[in-house]
Amino acid sequence: MIKKKNKTIKNEDEKETITIIKKSKKEKKNIEVEKETTAIIKKSEEEKKNIAVDVKVKKEKTKKRKREIESEKKKNNEDLIEKLAIPACGFNWDNKDDEIKKEDSSSSEDEDADKEPSKKKKKLSAAERREQERIKEREIRQREEALASNELPNSVDQFDRLVLASPNNSLVWLKYMAYHLQATEIEKARSIARRALKTINFREEDEKLNIWQGLLNLESKFGTSETLENVLKDAIRSNDAKKIYLHMLTIYSNNKCITELEKIVKTLTAKFRTDPQVWIDCGCAFLKSGSKDKSRHTMQRALQSLPDNKHVDIIIQFAILENKYGDKERFKTLFEQILTSYPKRIDVWTSFVDLLIKDNDIDAARSVLERAVVQNLQPRKMKTLFQKFISFEEKYGTKDNIQNARKLAQEYVTKKCNNTNTD
(Lines of atoms letter the chains of each structure in order from A and count residues from 1; the text may use other names and numbers.)
(Lines give C-alpha, C1' and ligand atoms only; values in the text may rest on other atoms or scores of the structure.)
Protein backbone atom coordinates (compact mmCIF):
# COMPACT_ATOMS: atom_id res chain seq x y z
CA MET A 1 0.00 0.00 0.00
CA ILE A 2 2.80 2.37 0.98
CA LYS A 3 4.78 1.42 -2.14
CA LYS A 4 1.78 2.10 -4.31
CA LYS A 5 1.31 5.47 -2.67
CA ASN A 6 4.99 6.37 -3.12
CA LYS A 7 4.77 5.36 -6.74
CA THR A 8 1.77 7.60 -7.24
CA ILE A 9 3.57 10.53 -5.66
CA LYS A 10 6.61 9.89 -7.85
CA ASN A 11 4.46 9.85 -10.96
CA GLU A 12 2.86 13.12 -9.97
CA ASP A 13 6.30 14.72 -9.40
CA GLU A 14 7.46 13.52 -12.80
CA LYS A 15 4.36 14.92 -14.44
CA GLU A 16 4.87 18.26 -12.69
CA THR A 17 8.54 18.31 -13.73
CA ILE A 18 7.60 17.57 -17.35
CA THR A 19 4.97 20.32 -17.21
CA ILE A 20 7.51 22.82 -15.86
CA ILE A 21 10.04 21.86 -18.57
CA LYS A 22 7.44 22.24 -21.29
CA LYS A 23 6.36 25.56 -19.87
CA SER A 24 10.00 26.71 -19.71
CA LYS A 25 10.59 25.68 -23.32
CA LYS A 26 7.44 27.46 -24.41
CA GLU A 27 8.45 30.65 -22.55
CA LYS A 28 11.91 30.47 -24.07
CA LYS A 29 10.42 30.05 -27.51
CA ASN A 30 8.13 33.04 -26.91
CA ILE A 31 11.10 35.12 -25.82
CA GLU A 32 12.99 34.20 -28.99
CA VAL A 33 9.98 35.04 -31.14
CA GLU A 34 9.60 38.33 -29.31
CA LYS A 35 13.29 39.12 -29.87
CA GLU A 36 13.00 38.33 -33.57
CA THR A 37 9.88 40.50 -33.85
CA THR A 38 11.62 43.36 -32.05
CA ALA A 39 14.64 43.05 -34.34
CA ILE A 40 12.40 43.09 -37.44
CA ILE A 41 10.52 46.15 -36.19
CA LYS A 42 13.77 47.93 -35.34
CA LYS A 43 15.20 47.10 -38.76
CA SER A 44 12.03 48.36 -40.42
CA GLU A 45 12.21 51.63 -38.48
CA GLU A 46 15.86 52.10 -39.43
CA GLU A 47 15.01 51.49 -43.08
CA LYS A 48 12.22 54.08 -42.84
CA LYS A 49 14.63 56.57 -41.29
CA ASN A 50 17.19 55.94 -44.03
CA ILE A 51 14.52 56.39 -46.71
CA ALA A 52 13.39 59.63 -45.05
CA VAL A 53 16.99 60.89 -44.94
CA ASP A 54 17.50 59.99 -48.62
CA VAL A 55 14.30 61.80 -49.57
CA LYS A 56 15.34 64.84 -47.54
CA VAL A 57 18.79 64.89 -49.18
CA LYS A 58 17.22 64.64 -52.64
CA LYS A 59 14.81 67.48 -51.83
CA GLU A 60 17.69 69.67 -50.59
CA LYS A 61 19.65 68.95 -53.77
CA THR A 62 16.61 69.81 -55.90
CA LYS A 63 16.03 73.07 -53.99
CA LYS A 64 19.71 73.99 -54.29
CA ARG A 65 19.65 73.33 -58.04
CA LYS A 66 16.50 75.48 -58.43
CA ARG A 67 18.13 78.31 -56.48
CA GLU A 68 21.23 78.11 -58.68
CA ILE A 69 19.09 78.21 -61.84
CA GLU A 70 17.05 81.17 -60.53
CA SER A 71 20.24 83.01 -59.56
CA GLU A 72 21.72 82.39 -63.00
CA LYS A 73 18.48 83.59 -64.64
CA LYS A 74 18.50 86.79 -62.59
CA LYS A 75 22.15 87.44 -63.45
CA ASN A 76 21.49 86.84 -67.12
CA ASN A 77 18.49 89.20 -66.93
CA GLU A 78 20.68 91.97 -65.52
CA ASP A 79 23.42 91.32 -68.08
CA LEU A 80 20.96 91.41 -70.94
CA ILE A 81 19.31 94.60 -69.72
CA GLU A 82 22.76 96.19 -69.50
CA LYS A 83 23.50 95.10 -73.07
CA LEU A 84 20.42 97.00 -74.25
CA ALA A 85 21.58 100.27 -72.60
CA ILE A 86 22.12 103.30 -74.83
CA PRO A 87 25.77 103.89 -75.87
CA ALA A 88 25.50 107.64 -76.50
CA CYS A 89 23.41 110.62 -75.47
CA GLY A 90 20.42 111.76 -77.50
CA PHE A 91 18.25 110.06 -80.04
CA ASN A 92 20.38 110.21 -83.20
CA TRP A 93 20.14 107.28 -85.59
CA ASP A 94 23.29 105.36 -86.44
CA ASN A 95 24.52 104.33 -89.88
CA LYS A 96 21.74 101.77 -90.15
CA ASP A 97 18.93 104.31 -90.71
CA ASP A 98 17.90 102.88 -94.07
CA GLU A 99 17.73 99.34 -92.72
CA ILE A 100 15.64 100.42 -89.74
CA LYS A 101 13.19 102.39 -91.92
CA LYS A 102 12.89 99.44 -94.24
CA GLU A 103 12.18 97.21 -91.27
CA ASP A 104 9.58 99.62 -89.91
CA SER A 105 7.75 99.63 -93.27
CA SER A 106 7.59 95.84 -93.35
CA SER A 107 6.61 95.44 -89.70
CA SER A 108 2.96 94.82 -90.50
CA GLU A 109 3.65 91.21 -91.52
CA ASP A 110 2.19 88.57 -89.25
CA GLU A 111 4.66 87.11 -86.75
CA ASP A 112 2.85 84.12 -85.45
CA ALA A 113 2.28 81.10 -87.69
CA ASP A 114 -1.21 79.62 -87.80
CA LYS A 115 -1.63 76.86 -85.28
CA GLU A 116 -3.04 73.52 -86.36
CA PRO A 117 -6.23 72.44 -84.60
CA SER A 118 -5.51 70.05 -81.81
CA LYS A 119 -6.61 66.48 -82.35
CA LYS A 120 -8.48 64.45 -79.82
CA LYS A 121 -6.25 62.14 -77.92
CA LYS A 122 -7.16 58.78 -76.59
CA LYS A 123 -7.47 58.38 -72.86
CA LEU A 124 -4.13 57.52 -71.28
CA SER A 125 -3.47 55.18 -68.42
CA ALA A 126 -2.01 56.42 -65.14
CA ALA A 127 1.43 55.05 -66.02
CA GLU A 128 1.35 56.75 -69.45
CA ARG A 129 0.32 60.07 -67.89
CA ARG A 130 3.17 59.86 -65.40
CA GLU A 131 5.61 59.12 -68.21
CA GLN A 132 4.36 62.14 -70.18
CA GLU A 133 4.79 64.38 -67.13
CA ARG A 134 8.35 63.13 -66.68
CA ILE A 135 9.11 63.86 -70.33
CA LYS A 136 7.68 67.39 -70.04
CA GLU A 137 9.67 68.08 -66.88
CA ARG A 138 12.82 66.81 -68.57
CA GLU A 139 12.24 69.07 -71.59
CA ILE A 140 11.62 72.13 -69.40
CA ARG A 141 14.74 71.37 -67.38
CA GLN A 142 16.78 71.05 -70.57
CA ARG A 143 15.48 74.41 -71.79
CA GLU A 144 16.29 76.07 -68.48
CA GLU A 145 19.80 74.59 -68.51
CA ALA A 146 20.26 75.82 -72.07
CA LEU A 147 19.24 79.32 -70.98
CA ALA A 148 21.54 79.20 -67.98
CA SER A 149 24.46 78.23 -70.20
CA ASN A 150 23.67 81.10 -72.64
CA GLU A 151 22.89 78.74 -75.54
CA LEU A 152 20.72 81.01 -77.71
CA PRO A 153 18.16 79.72 -80.22
CA ASN A 154 19.01 80.70 -83.78
CA SER A 155 15.56 81.06 -85.34
CA VAL A 156 12.17 82.63 -84.70
CA ASP A 157 10.53 79.20 -84.46
CA GLN A 158 12.94 78.11 -81.74
CA PHE A 159 12.29 81.31 -79.77
CA ASP A 160 8.53 80.86 -80.16
CA ARG A 161 8.75 77.35 -78.76
CA LEU A 162 10.89 78.63 -75.93
CA VAL A 163 8.48 81.39 -74.89
CA LEU A 164 5.57 78.96 -75.09
CA ALA A 165 7.39 76.63 -72.73
CA SER A 166 8.43 79.45 -70.33
CA PRO A 167 5.90 82.28 -70.81
CA ASN A 168 6.73 84.00 -67.50
CA ASN A 169 10.50 83.99 -67.94
CA SER A 170 11.61 87.54 -68.80
CA LEU A 171 15.10 86.34 -69.72
CA VAL A 172 13.69 84.36 -72.66
CA TRP A 173 11.72 87.36 -73.91
CA LEU A 174 14.69 89.70 -73.54
CA LYS A 175 16.88 87.33 -75.54
CA TYR A 176 14.15 87.18 -78.17
CA MET A 177 14.21 91.00 -78.34
CA ALA A 178 18.01 91.00 -78.58
CA TYR A 179 17.81 88.45 -81.42
CA HIS A 180 15.75 90.90 -83.50
CA LEU A 181 17.87 93.90 -82.50
CA GLN A 182 21.01 92.14 -83.75
CA ALA A 183 19.30 91.90 -87.13
CA THR A 184 18.23 95.61 -86.85
CA GLU A 185 14.59 94.47 -86.76
CA ILE A 186 13.58 97.25 -84.38
CA GLU A 187 9.82 97.07 -84.86
CA LYS A 188 9.81 93.30 -84.32
CA ALA A 189 11.78 93.75 -81.10
CA ARG A 190 9.16 96.27 -79.93
CA SER A 191 6.42 93.82 -80.86
CA ILE A 192 8.09 91.05 -78.84
CA ALA A 193 8.32 93.34 -75.81
CA ARG A 194 4.61 94.22 -76.02
CA ARG A 195 3.74 90.57 -76.50
CA ALA A 196 5.78 89.66 -73.44
CA LEU A 197 3.97 92.27 -71.32
CA LYS A 198 0.61 90.79 -72.35
CA THR A 199 1.74 87.19 -71.82
CA ILE A 200 3.57 87.31 -68.49
CA ASN A 201 1.27 86.69 -65.53
CA PHE A 202 0.29 89.89 -63.72
CA ARG A 203 1.55 88.42 -60.42
CA GLU A 204 5.11 88.20 -61.84
CA GLU A 205 5.86 91.87 -61.16
CA ASP A 206 9.66 91.56 -61.28
CA GLU A 207 9.54 89.70 -64.60
CA LYS A 208 7.32 92.40 -66.11
CA LEU A 209 9.61 95.09 -64.70
CA ASN A 210 12.56 93.50 -66.53
CA ILE A 211 10.65 93.71 -69.83
CA TRP A 212 9.73 97.36 -69.23
CA GLN A 213 13.37 98.17 -68.50
CA GLY A 214 14.45 96.40 -71.68
CA LEU A 215 11.83 98.34 -73.68
CA LEU A 216 13.02 101.63 -72.18
CA ASN A 217 16.59 100.75 -73.17
CA LEU A 218 15.41 99.95 -76.68
CA GLU A 219 13.56 103.25 -77.08
CA SER A 220 16.52 105.17 -75.62
CA LYS A 221 18.82 103.68 -78.21
CA PHE A 222 16.64 103.37 -81.32
CA GLY A 223 13.58 105.50 -80.65
CA THR A 224 12.78 109.19 -80.59
CA SER A 225 12.14 111.51 -77.67
CA GLU A 226 8.38 111.05 -78.22
CA THR A 227 8.46 107.23 -78.27
CA LEU A 228 10.68 107.17 -75.20
CA GLU A 229 8.36 109.56 -73.35
CA ASN A 230 5.32 107.44 -74.22
CA VAL A 231 6.96 104.21 -73.05
CA LEU A 232 8.16 105.94 -69.88
CA LYS A 233 4.61 107.06 -69.05
CA ASP A 234 3.25 103.55 -69.64
CA ALA A 235 6.02 102.03 -67.53
CA ILE A 236 5.32 104.39 -64.62
CA ARG A 237 1.60 103.54 -64.73
CA SER A 238 2.30 99.80 -64.76
CA ASN A 239 5.15 99.54 -62.22
CA ASP A 240 6.63 101.00 -59.07
CA ALA A 241 7.36 104.57 -60.24
CA LYS A 242 10.51 104.83 -58.14
CA LYS A 243 12.09 101.78 -59.81
CA ILE A 244 11.35 103.14 -63.28
CA TYR A 245 12.75 106.60 -62.49
CA LEU A 246 15.89 105.04 -60.98
CA HIS A 247 16.36 102.93 -64.10
CA MET A 248 16.19 106.05 -66.27
CA LEU A 249 18.64 107.68 -63.87
CA THR A 250 21.10 104.86 -64.57
CA ILE A 251 20.63 105.14 -68.35
CA TYR A 252 21.26 108.89 -68.41
CA SER A 253 24.17 108.67 -65.97
CA ASN A 254 26.00 105.92 -67.82
CA ASN A 255 25.73 107.84 -71.07
CA LYS A 256 26.43 111.30 -69.58
CA CYS A 257 23.16 112.83 -70.75
CA ILE A 258 23.40 115.73 -68.30
CA THR A 259 20.25 117.63 -69.29
CA GLU A 260 18.00 114.56 -69.07
CA LEU A 261 19.81 113.49 -65.90
CA GLU A 262 19.08 116.81 -64.18
CA LYS A 263 15.39 116.50 -65.06
CA ILE A 264 15.08 112.98 -63.69
CA VAL A 265 16.97 113.94 -60.50
CA LYS A 266 14.61 116.86 -60.01
CA THR A 267 11.62 114.54 -60.36
CA LEU A 268 13.03 111.88 -58.03
CA THR A 269 14.05 114.29 -55.26
CA ALA A 270 10.66 116.00 -55.41
CA LYS A 271 8.61 112.81 -55.24
CA PHE A 272 10.81 110.85 -52.81
CA ARG A 273 12.58 113.58 -50.82
CA THR A 274 12.30 111.62 -47.52
CA ASP A 275 14.11 108.55 -48.89
CA PRO A 276 17.88 108.77 -48.13
CA GLN A 277 18.73 106.15 -50.76
CA VAL A 278 17.18 108.26 -53.52
CA TRP A 279 19.50 111.17 -52.63
CA ILE A 280 22.50 108.81 -52.56
CA ASP A 281 21.58 107.31 -55.96
CA CYS A 282 21.19 110.79 -57.46
CA GLY A 283 24.55 111.90 -56.10
CA CYS A 284 26.14 108.72 -57.47
CA ALA A 285 24.58 109.35 -60.90
CA PHE A 286 26.07 112.84 -61.07
CA LEU A 287 29.52 111.59 -60.02
CA LYS A 288 29.50 108.78 -62.58
CA SER A 289 28.56 111.26 -65.29
CA GLY A 290 31.46 113.55 -64.26
CA SER A 291 29.33 116.26 -62.61
CA LYS A 292 31.13 116.48 -59.26
CA ASP A 293 29.76 119.90 -58.31
CA LYS A 294 26.18 118.78 -58.92
CA SER A 295 26.78 115.72 -56.75
CA ARG A 296 28.05 117.85 -53.88
CA HIS A 297 25.10 120.21 -54.26
CA THR A 298 22.81 117.15 -54.08
CA MET A 299 24.41 116.18 -50.76
CA GLN A 300 23.73 119.63 -49.33
CA ARG A 301 20.10 119.43 -50.47
CA ALA A 302 19.83 115.99 -48.88
CA LEU A 303 21.07 117.34 -45.54
CA GLN A 304 18.45 120.10 -45.71
CA SER A 305 15.63 117.66 -46.52
CA LEU A 306 16.40 114.75 -44.17
CA PRO A 307 16.21 114.68 -40.35
CA ASP A 308 19.36 115.21 -38.26
CA ASN A 309 19.69 111.56 -37.29
CA LYS A 310 20.27 110.69 -40.98
CA HIS A 311 23.00 113.26 -41.63
CA VAL A 312 26.04 111.22 -40.57
CA ASP A 313 25.02 108.25 -42.67
CA ILE A 314 24.35 110.48 -45.70
CA ILE A 315 27.78 112.14 -45.43
CA ILE A 316 29.47 108.75 -45.06
CA GLN A 317 27.74 107.42 -48.18
CA PHE A 318 28.67 110.50 -50.21
CA ALA A 319 32.26 110.20 -48.96
CA ILE A 320 32.37 106.59 -50.13
CA LEU A 321 31.03 107.69 -53.54
CA GLU A 322 33.73 110.38 -53.75
CA ASN A 323 36.35 107.75 -53.03
CA LYS A 324 34.99 105.49 -55.77
CA TYR A 325 34.00 107.92 -58.53
CA GLY A 326 35.18 111.38 -57.50
CA ASP A 327 38.02 113.00 -55.56
CA LYS A 328 39.92 110.96 -52.94
CA GLU A 329 40.96 114.09 -51.07
CA ARG A 330 37.31 115.11 -50.85
CA PHE A 331 36.58 111.63 -49.46
CA LYS A 332 39.15 112.11 -46.69
CA THR A 333 37.89 115.62 -45.92
CA LEU A 334 34.30 114.42 -45.45
CA PHE A 335 35.38 111.67 -43.05
CA GLU A 336 37.57 114.07 -41.09
CA GLN A 337 34.61 116.44 -40.70
CA ILE A 338 32.48 113.62 -39.32
CA LEU A 339 35.17 112.49 -36.88
CA THR A 340 35.62 116.06 -35.66
CA SER A 341 31.92 116.40 -34.94
CA TYR A 342 31.31 112.83 -33.77
CA PRO A 343 34.56 111.47 -32.25
CA LYS A 344 32.70 108.80 -30.28
CA ARG A 345 31.38 107.08 -33.42
CA ILE A 346 33.58 103.97 -33.45
CA ASP A 347 31.90 102.72 -36.62
CA VAL A 348 33.07 105.86 -38.45
CA TRP A 349 36.69 105.38 -37.30
CA THR A 350 36.76 101.74 -38.37
CA SER A 351 34.99 102.42 -41.70
CA PHE A 352 37.47 105.17 -42.52
CA VAL A 353 40.42 102.88 -41.74
CA ASP A 354 38.95 100.02 -43.82
CA LEU A 355 38.48 102.28 -46.85
CA LEU A 356 42.04 103.61 -46.57
CA ILE A 357 43.36 100.06 -46.35
CA LYS A 358 41.31 99.13 -49.42
CA ASP A 359 43.00 102.02 -51.27
CA ASN A 360 46.35 100.68 -50.03
CA ASP A 361 46.97 103.94 -48.16
CA ILE A 362 48.56 102.18 -45.17
CA ASP A 363 50.32 105.21 -43.69
CA ALA A 364 47.10 107.24 -43.64
CA ALA A 365 45.24 104.32 -42.02
CA ARG A 366 47.94 104.04 -39.34
CA SER A 367 47.73 107.77 -38.67
CA VAL A 368 43.95 107.56 -38.19
CA LEU A 369 44.28 104.62 -35.78
CA GLU A 370 46.99 106.39 -33.77
CA ARG A 371 44.63 109.35 -33.33
CA ALA A 372 41.74 107.06 -32.44
CA VAL A 373 43.46 105.21 -29.60
CA VAL A 374 44.57 108.34 -27.69
CA GLN A 375 40.98 109.39 -27.06
CA ASN A 376 39.31 109.13 -23.69
CA LEU A 377 36.27 107.00 -24.52
CA GLN A 378 34.43 104.21 -22.70
CA PRO A 379 36.61 101.13 -22.02
CA ARG A 380 34.43 98.98 -24.27
CA LYS A 381 34.94 101.35 -27.22
CA MET A 382 38.64 101.73 -26.51
CA LYS A 383 39.01 97.96 -26.45
CA THR A 384 37.52 97.79 -29.96
CA LEU A 385 39.90 100.47 -31.23
CA PHE A 386 42.98 98.84 -29.70
CA GLN A 387 42.03 95.45 -31.11
CA LYS A 388 41.66 97.07 -34.53
CA PHE A 389 45.03 98.81 -34.15
CA ILE A 390 46.93 95.71 -33.05
CA SER A 391 45.41 93.48 -35.76
CA PHE A 392 46.22 96.18 -38.34
CA GLU A 393 49.89 96.33 -37.29
CA GLU A 394 50.14 92.53 -37.19
CA LYS A 395 49.03 92.43 -40.82
CA TYR A 396 50.69 95.53 -42.29
CA GLY A 397 53.30 96.73 -39.79
CA THR A 398 56.78 95.79 -38.64
CA LYS A 399 57.77 94.27 -35.31
CA ASP A 400 58.34 97.77 -33.94
CA ASN A 401 54.88 98.85 -35.08
CA ILE A 402 53.29 95.84 -33.38
CA GLN A 403 55.25 96.48 -30.19
CA ASN A 404 54.21 100.13 -30.20
CA ALA A 405 50.52 99.27 -30.61
CA ARG A 406 50.67 96.77 -27.74
CA LYS A 407 52.58 99.27 -25.60
CA LEU A 408 49.86 101.90 -26.10
CA ALA A 409 47.20 99.36 -25.15
CA GLN A 410 49.12 98.36 -22.01
CA GLU A 411 49.61 102.00 -21.00
CA TYR A 412 45.88 102.62 -21.37
CA VAL A 413 45.02 99.60 -19.18
CA THR A 414 47.57 100.64 -16.53
CA LYS A 415 46.25 104.18 -16.49
CA LYS A 416 42.68 102.97 -16.08
CA CYS A 417 43.65 100.62 -13.24
CA ASN A 418 45.51 103.42 -11.41
CA ASN A 419 42.54 105.76 -11.76
CA THR A 420 40.25 103.06 -10.35
CA ASN A 421 42.53 102.46 -7.36
CA THR A 422 42.79 106.19 -6.69
CA ASP A 423 39.01 106.53 -6.70
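My numbering numbers the first residue of the sequence shown as 9 and each following residue consecutively.
Heads up, the beta-carbon is just placed ideally off N, CA and C, and yes, glycines get one too.
- Ala191: not part of any alpha helix (DSSP H); DSSP gives it neither H nor E.
- A distance below 8 Å separates the beta carbons of Ile200 and Trp181.
- Contact between Asn247 and Trp220 is confirmed by a C-beta separation of about 6 Å, below the 8 Å threshold.
- Between Ser297 and Ser261, the gap from beta carbon to beta carbon is short of 8 Å.
- The alpha helix (DSSP H) runs of length 4 or more contained entirely in the region 322-389 are, from start to end of the chain, 336-349, 354-366, 370-380.
- By the Cβ neighbour-count rule, Arg75 is exposed, with fewer than 16 other Cβ atoms within 10 Å of its own.
- Its Cα nearest to that of Asn368, the residue Lys336 stands out among Gln395, Lys336, Ile346, Val164.
- Counted as a single uninterrupted DSSP element, the alpha helix (DSSP H) harbouring Glu215 occupies residues 213-230.
- Remark: C-beta atoms of Val356 and Lys396 do not approach each other more closely than 8 Å.
- Approximately 6 Å separates the beta-carbon atoms of Ile346 and Val320; this is inside 8 Å, confirming the contact.
- Linking Asn409 to Pro284 through their CA atoms gives a straight-line distance of about 40 Å.
- In the DSSP assignment, Asp283 falls outside any alpha helix (DSSP H) and carries neither an H nor an E.
- Assigned with DSSP and collapsed to three states, Thr207 falls in helix.
- For Asp168, the enclosing alpha helix (DSSP H) has its first and last residue at 164-173.
- For Thr406, no alpha helix (DSSP H) encloses it, and the DSSP letter there is neither H nor E.
- With fewer than 16 other beta carbons inside 10 angstroms of its own, Phe210 counts as exposed.
- In the three-state reduction of the DSSP assignment, Lys131 falls in the coil class.
- Counted as a single uninterrupted DSSP element, the alpha helix (DSSP H) harbouring Asp242 occupies residues 233-246.
- Comparing C-alpha distances from Ser303 to each of Phe294, Leu311, Ala310 shows the shortest one belongs to Phe294.
- The three-state reading of DSSP puts Lys264 in coil, since its state is none of H, G, I, E or B.
- Excluding the 5 residues flanking it on each side, Glu215 has same chain C-beta neighbours closer than 6 Å at Asn176, Ser178, Ile208, in chain order.
- Ser299 sits in coil when the DSSP states are folded into three classes, being neither helix nor strand.
- Going by C-alpha positions, Ala373 is about 6 Å away from Leu364.
- Here the alpha carbons of Lys332 and Gln325 stand approximately 11 Å from one another.
- DSSP, read as helix, strand or coil, puts Asn427 in helix.
- Here DSSP, grouped into helix, strand and coil, assigns Asn317 to helix.
- In this structure, the alpha-carbon of Ser375 lies about 33 Å from that of Cys290.
- Collapsing the DSSP output to three states places Asn177 in coil.
- Less than 8 Å separates the beta-carbon of Ser299 from that of Ile266.
- With contacts defined by Cβ atoms closer than 8 Å, Thr277 and Tyr253 do not form a contacting pair.
- Taking Ile398 as the centre and dropping the five residues before and after it, the same chain places the C-beta of Ile410, Ala413, Arg414, Ala417 closer than 8 Å to its C-beta, in chain order.
- Around the beta-carbon of Lys196, 16 or more other beta-carbon atoms lie within 10 Å, marking it buried.
- Nearest in C-alpha terms to Leu269, of all of Lys403, Thr306, Leu342, Val239, is Thr306.
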